[in-house]
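Asks: The opening position of the sequence shown corresponds to residue 1 in the UniProt record's numbering, with each subsequent residue numbered one higher.
Where is the CB? At the ideal position from N, CA and C, for every residue including glycine.
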Amino acid sequence: MKDATSIADLRLLAKRRVPKAFFDYADRGSYNEETIDANSEDFKALKLRQRVMVDVSNRSTETTLLGEKFAFPFAFAPTGLTGMQHADGEILAAKACEKANIPFALSTMSICSIEDVAAATTRPFWFQLYVMKNRNFAKQLVERAIAAKCSALILTLDLQVQGQRHRDIKNGMTVPPQIKLHNVLDMATKLPWAFKVLGSKHKTFGNLNGVEGMSGVKSLGQWISGQFDPALNWDDVAWIRSIWPGKLILKGVLDVGDAQKAVNTGADAIVVSNHGGRQLDGAPSAISRLPRIVDAVGNQTEILFDSGIRSGQDVLRALALGAKGCMMGKAFLFGLGAGGEEGVSKVIQIVGKELDVSMALTGRRTLAEIDDTVIDRG
1 MKDATSIADL RLLAKRRVPK AFFDYADRGS YNEETIDANS EDFKALKLRQ
51 RVMVDVSNRS TETTLLGEKF AFPFAFAPTG LTGMQHADGE ILAAKACEKA
101 NIPFALSTMS ICSIEDVAAA TTRPFWFQLY VMKNRNFAKQ LVERAIAAKC
151 SALILTLDLQ VQGQRHRDIK NGMTVPPQIK LHNVLDMATK LPWAFKVLGS
201 KHKTFGNLNG VEGMSGVKSL GQWISGQFDP ALNWDDVAWI RSIWPGKLIL
251 KGVLDVGDAQ KAVNTGADAI VVSNHGGRQL DGAPSAISRL PRIVDAVGNQ
301 TEILFDSGIR SGQDVLRALA LGAKGCMMGK AFLFGLGAGG EEGVSKVIQI
351 VGKELDVSMA LTGRRTLAEI DDTVIDRG
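#1: In chain order, what residues of the same chain lie with their CB nearer than 8 Å to the CB of asparagine 39, ignoring the 5 residues before and after it?
#2: Measure the CB-CB distance between alanine 105 and alanine 147 and report whether it falls below 8 Å.
#3: If I follow the unbroken alpha helix (DSSP H) through valine 351, where does it start and stop?
#4: In the DSSP output, what is aspartate 306 paired with across the bridge?
#5: Which of helix, strand or coil does DSSP assign to glycine 252?
#6: State the start and end residues of the unbroken beta strand (DSSP E) segment that holds lysine 2.
#7: What does the Cβ neighbour count give for serine 358, buried or exposed, with the cut at 16 atoms within 10 Å?
#8: Using three-state DSSP, classify phenylalanine 125 as helix, strand or coil.
#9: Between the alpha carbons of isoleucine 375 and lysine 201, how many angstroms are there, rounded?
#10: Between the alpha carbons of lysine 190 and alanine 21, how many angstroms are there, rounded?
#11: Which whole runs of the alpha helix (DSSP H) in the segment 12-89 are 4 residues long or more, in chain order?
#12: Identify, in the order they occur along the chain, each residue of the same chain with its Cβ nearer than 6 Å to the Cβ of aspartate 158, setting aside the five sequence neighbours on each side.
#13: What are the start and end residues of the alpha helix (DSSP H) that includes alanine 118?
#14: For phenylalanine 72, which residues from the same chain have a beta carbon less than 6 Å from its beta carbon, with the 5 sequence-adjacent residues on both sides left out?
#15: Given a threshold of 16 other Cβ atoms within 10 Å of its Cβ, counted over all protein chains shown, does arginine 16 qualify as buried or as exposed?
#16: Just checking my contact of arginine 289 with leucine 316 at CB under 8 Å: how many whole Å lie between their CB atoms?
#17: Considering isoleucine 375, what are the terminal residues of the alpha helix (DSSP H) in which it resides?
#18: Using a 10 Å radius around the Cβ and a threshold of 16 neighbouring Cβ atoms, would you call tryptophan 234 buried or exposed?
#19: In angstroms with no decimal places, state the Cα-to-Cα distance between serine 110 and leucine 304.
#20: Between phenylalanine 70 and aspartate 24, what straight-line distance do the alpha-carbon atoms span, to the nearest angstrom?
#21: Using the rule of at least 16 other Cβ atoms within 10 Å of the residue's Cβ for burial, across every protein chain shown, is leucine 66 buried or exposed?
#22: What would DSSP say about isoleucine 240, mapped onto helix, strand or coil?
#23: How many angstroms separate the CA atom of isoleucine 240 from the CA atom of methionine 53?
#24: Tell me which residue opens and which closes the alpha helix (DSSP H) that leucine 293 is part of.
#25: Under the three-state reduction of DSSP, which class applies to methionine 173: helix, strand or coil?
#26: Quick check on the burial criterion: 16 or more other C-beta atoms within 10 angstroms. Buried or exposed for lysine 149?
#27: Return yes when the Cβ of alanine 269 is within less than 8 Å of the Cβ of isoleucine 249, no when it is not.
#28: Go through its chain and collect everything with a Cβ distance to alanine 267's Cβ below 7 Å, but skip five positions before and after it.
#29: Looking at the unbroken beta strand (DSSP E) that takes in isoleucine 270, where does it start and where does it end?
#30: Among residues of its own chain, excluding the 5 on either side of leucine 10, which ones have a beta-carbon nearer than 7 Å to its beta-carbon?
#31: What do you get for proline 230, buried or exposed, if any count of 16 or more other CB atoms within 10 angstroms of its CB means buried?
#32: Using a threshold of 8 Å, state whether the C-beta atoms of isoleucine 2 and histidine 86 are closer than that.
#33: Where do the N-terminal and C-terminal ends of the alpha helix (DSSP H) with alanine 148 fall, by residue?
#34: Pick helix, strand or coil for isoleucine 154, following the three-state DSSP scheme.
#35: Name the DSSP bridge partner or partners of methionine 132?
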């Protein structure tokens with residue numbers, strides 16, 4: 001892993017080390033995967049404007065997100081089943097983020113629980129909430145996040161129903177892994193992963209343990225089809241706002257009208273996101289919708305960006321189009337699968353250095369100097 005110089009390198013390492021079912025879960029998207037491909041292609045289409053002979057000897061990537069200072073303008077997004085990429089994955093990722101001084105967001109569908117991560121870290125992390133039919137369970141999760149001193153709550157808006165992920169169905173992806181011939185043969189080629197993950201005490205959805213009606217839940221699809229609520233609406237967001245005393249982030253906005261409604265709820269930040277291409281296939285890339293949302297509500301709330309970030313250049317592009325900060329999911333999962341905590345730290349190092357160098361080569365010394373003139377319009 002010491003020779004890895006890009007997120008693409010870490011992805012290849014993770015593919016070799018993580019069983020196919022869990023690698024595909026992290027790597028790919030829904031249906032025909034048009035939107036996940038658009039996320040990547042539309043970033044590539046944004047060319048950077050090279051500038052020369054600018055004094056960039058004193059640069060800084062420091063920023064403030066939701067009133068807190070961080071070393072870089074990016075966070076690790078909430079991702080389900082993180083602990084299946086590497087044993088105790090959520091704990092390891094949170095530790096790496098704490099050391100690097102960037103935000104870490106824990107998913108409701110994590111393997112390690114809120115309490116597990118809180119016990120292993122000293123700095124508050126963000127917690128991502130799914131609101132289910134069982135509103136009492138959602139309330140309990142909020143209360144647990146408060147008890148763990150989480151500094152922000154992320155409410156995901158775009159998963160009332162799940163976009164079908166063909167690869168998950170074909171792979172028979174469950175937690176713990178199904179004991180089927182093709183899974184056993186695959187894991188037999190990834191013995192270091194198997195010994196660590198299957199030997200860990202964290203092998204199921206940690207946040208569901210001990211909750212009435214949640215015992216025996218193994219499949220994410222099973223959980224979503226039975227508990228996620230297609231009736232979820234803006235009144236529910238207001239309810240969450242009323243019981244959560246801290247910073248509130250609303251994630252999963254692509255439409256200007258929805259962005260305005262999100263702002264009207266009193267959200268402290270919104271995340272422009274298409275769920276990494278894992279929900280509505282055929283939806284536009286998130287980066288193509290960022291500028292219009294910034295124009296509409298950027299002076300009313302903090303705008304964060306998610307979906308398709310694979311490099312420091314991508315972070316720079318999103319900042320140039322108006323985002324205050326970015327979130328990365330797949331990228332850090334590749335690092336985790338490639339090398340545990342060391343791999344996650346490698347992701348931070350790679351993306352941070354790419355951002356710093358790209359700022360210099362576009363003539364920017366601070367994040368405040370990044371604007372849309374960083375993009376080469378031809």
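Replies: This is what the structure holds:
#1: Around asparagine 39: Asn274, Gly276, Gly277, Ser285, Ala286, Ile287, Ser307 and Gly308.
#2: no
#3: 330-361
#4: Met327
#5: strand
#6: Note, lysine 2: premise wrong, no beta strand (DSSP E); not H, not E.
#7: buried
#8: For phenylalanine 125, the three-state secondary structure derived from DSSP is coil.
#9: 48 Å
#10: Straight-line Cα distance between these residues: approximately 12 Å.
#11: 20-27 and 34-44
#12: Cβ neighbours of aspartate 158 beyond the five flanking positions: Gly252, His275 and Gln279.
#13: From DSSP, the alpha helix (DSSP H) with alanine 118 extends over 114-120.
#14: For phenylalanine 72, where only same-chain residues beyond five positions count, the Cβ hits under 6 Å are Thr61, Ile102 and Gly352.
#15: exposed
#16: Not a contact, Cβ separation roughly 18 Å.
#17: Where isoleucine 375 is concerned, there is no enclosing alpha helix (DSSP H), given that its DSSP letter is neither H nor E.
#18: exposed
#19: Approximately 22 Å between the Cα atoms of the pair.
#20: Going by the C-alpha atoms only, they are around 31 Å apart.
#21: buried
#22: Helix, per DSSP.
#23: Spanning the alpha carbons of isoleucine 240 and methionine 53 requires a straight line of approximately 51 Å.
#24: For clarity, residue 293 is isoleucine in the given sequence; the question names leucine instead. Its alpha helix (DSSP H) spans residues 286-297.
#25: coil
#26: exposed
#27: yes
#28: Leu248, Ile249, Leu250 and Thr301
#29: 269-272
#30: Same-chain partners within the cutoff: Ala4, Phe334, Gly335, Ala338, Gly343, Lys346 and Val347.
#31: exposed
#32: The residue asked about is misnamed: residue 2 is lysine in this sequence, not isoleucine. Their beta carbons are not under 8 Å apart, which means lysine 2 does not touch histidine 86 by this criterion.
#33: It is not in any alpha helix (DSSP H) - alanine 148 carries neither H nor E in the DSSP assignment.
#34: strand
#35: DSSP output for methionine 132 lists Phe228 as bridge partner(s).
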